[in-house]
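Colleague: Below is a structure I'd like to ask you about.
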Amino acid sequence: MTKGSVLIVPADDTTLDLLRAYFASAQYAILTAHSKEAALQLARQSLPQAIIADLDVADVDVAALCKEVRSSPRTQHIHITLLTPHARHDDRLTALSSGADEFLSKPVDAEELGLRVRNALRRAEFQNLVDPVTGLPGSRLVEEQLRALLRRKDPWALLRANLRGFRAFSTAYGFLAGEEVLRFTAQTLMHIVDESGAHDDFLGHAGGDNFVVITTLDRSGTIRQSFVEQFNTGVRAHYSFRERERGYLILKAADGTETQSPLMTLNAQLLTSEQGPFYDIMELTQMQ
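Note that this note's numbering gives residue 833 to position 53 of the sequence shown, counting from 1, and the numbers run on in steps of one.
Spelled out as structure tokens, the structure:
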């Protein structure tokens, strides 16, 4: 099981090999990109825990990359570290003002960089910026986006989803299996939004088994339908063959009594700006 992913935009193979070896040993999946467009696409698709970019990458405007990552609700939370052997003071200021979090001098000390990334992720988790299980934007960022919806003038759609039967599954299989289901849910949602959503769509994990997507009116129906279908089909793999066959699992209480619990399904509901106006985020989060 990986801790997440790190996106590397390298200027040379030596640095790439060093970082790939270190982060792979630390149980991170490694993504690489050699252009701004490829880096942005991977950032939107995979939501890596960190982006590590060399300021001297040929044909890549790293400052522009930082700015686009920060300007998108989907990727704005990602930690960005820039590597440089000799960047001028003005270059550093430009990159920092565009959204980079920090600089590190080359040649790279992979262990120091790894600790910096780890500490940045811990701070993000502590501040509820990133969910530690799924890697999606966490409850604080979800709340910020919901408050922003109350002020938006253009049309929008909010998809709210939770997992029916998740508590019973976690009781039967344990919290580690429950976390695997949450990661599966997040990966499914990222894939669907990447295929059917817009570049600036927001997706977040609001805690527990609650997920949200903020998208456009015309895309919302497709995203909802795909999410329900793919989750309800894929989640069956987390159950035993016997449970899949009979359609429920059996829970035993301390006194020996047994209860049946249906297999998990996705409860996904749409709310749109057309149903407003809305004045409080509680109106946006209440589900039936």
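All C-beta atoms, glycine included, are put in the ideal place defined by N, C-alpha and C. Keep in mind that this is a model prediction, so the values were computed, not measured.
When the Cα of Phe982 is compared with those of Pro917, Gly954, Phe946, which residue comes out closest?
Modeller: Cα-wise, what sits closest to Phe982 is Pro917.
Colleague: Taking the straight line between their C-alpha atoms, what separation do you get for Thr794 and Pro853?
Modeller: Each residue's Cα considered, the two are about 33 Å apart.
Colleague: Distance check for Asp911 and Glu959, CA to CA, integer angstroms please.
Modeller: Rounded to the nearest angstrom, the two C-alpha atoms are 11 Å apart.
Colleague: May I ask which residues mark the beginning and end of the beta strand (DSSP E) holding Asp834?
Modeller: Residues 830 to 834.
Colleague: Please confirm whether Val837 and Val789 have their CB atoms less than 8 Å apart.
Modeller: Taking 8 Å as the Cβ cut-off, Val837 and Val789 qualify as a contacting pair.
Colleague: For the beta strand (DSSP E) that contains Leu929, what are its first and last residues?
Modeller: Counting along the chain, Leu929 falls outside any beta strand (DSSP E), though it belongs to the alpha helix (DSSP H) covering 919 to 931.
Colleague: Just how far apart, CA to CA, sit Tyr808 and Val786?
Modeller: Each residue's alpha carbon lies about 7 Å from the other.
Colleague: Would a C-beta distance cut-off of 8 Å place Leu977 and Thr995 closer than the cut-off?
Modeller: One detail in the question is off: residue 977 reads as Gly in this sequence, not Leu. Against a cut-off of 8 Å, the Cβ pair of Thr995 and Gly977 comes out as a contact.
Colleague: Just how far apart, CA to CA, sit Ser815 and Glu891?
Modeller: Distance between the alpha carbons of Ser815 and Glu891: 26 Å.
Colleague: Leaving out five residues before and five after Ser1006 in sequence, what residues of the same chain have Cβ atoms less than 7 Å from its Cβ?
Modeller: Same-chain partners within the cutoff: Ile972, Ser976.
Colleague: As a quick exercise: from Gln856, Glu1054, Gly988, pick the residue whose alpha carbon is nearest that of Leu943.
Modeller: The residue with the shortest Cα to Cα distance from Leu943 is Gly988.
Colleague: Just confirm the distance between the C-beta atoms of Val922 and Gly984, as a whole number of angstroms; I'd bet it's less than 8 Å.
Modeller: Correct: roughly 4 Å between the Cβ atoms.
Colleague: Under 8 Å by Cβ, that's how I've got Met1067 and Gln1049 pegged, so tell me the actual separation to the nearest angstrom.
Modeller: The pair is a contact, with the Cβ atoms about 6 Å apart (cut-off 8 Å).
Colleague: Is it buried or exposed for Ala801, if we count other Cβ within 10 angstroms and need 16 for buried?
Modeller: Counting Cβ neighbours within 10 Å, Ala801 comes out exposed, since fewer than 16 surround it.
Colleague: For Arg872 and Phe883, what's the separation of their Cα atoms in angstroms?
Modeller: Taking the straight line from one Cα to the other gives about 8 Å.
Colleague: Return yes when at least one heavy atom of the ligand COA lies under 7 Å from the C-beta of Ile810, else no.
Modeller: The ligand COA is not part of the structure shown, which contains no ligands of any sort.
Colleague: Look at the alpha carbon of Glu1054 and the alpha carbon of Arg927, and state the distance between them as a whole number of angstroms.
Modeller: Taking the straight line joining both Cα atoms gives about 17 Å.
Colleague: Thinking C-alpha only, which one of Asp934, Ala952, Val992, Lys847 is nearest Thr1065?
Modeller: Nearest of Asp934, Ala952, Val992, Lys847 to Thr1065, Cα basis: Val992.
Colleague: Count the other C-beta atoms from every protein chain shown that fall within 10 angstroms of the C-beta of Asp834, then say buried if there are 16 or more, exposed otherwise.
Modeller: Asp834 comes out buried.
Colleague: Can you tell me whether Thr1037 is buried or exposed, with buried defined as 16 or more other CB within 10 angstroms of its CB?
Modeller: By the 10 Å Cβ count, Thr1037 comes out exposed.
Colleague: Is it the case that the Cβ atoms of Leu799 and Val888 are separated by a distance below 8 Å?
Modeller: In contact: Leu799 and Val888 (Cβ atoms closer than 8 Å).
Colleague: Gln856 to Ala830, Cα distance in whole Å?
Modeller: About 11 Å.
Colleague: Would you tell me roughly how many angstroms separate the C-alpha atoms of Leu1029 and Leu901, rounded to the nearest one?
Modeller: Rounded to whole angstroms, Leu1029 to Leu901 spans 36 Å at the Cα level.
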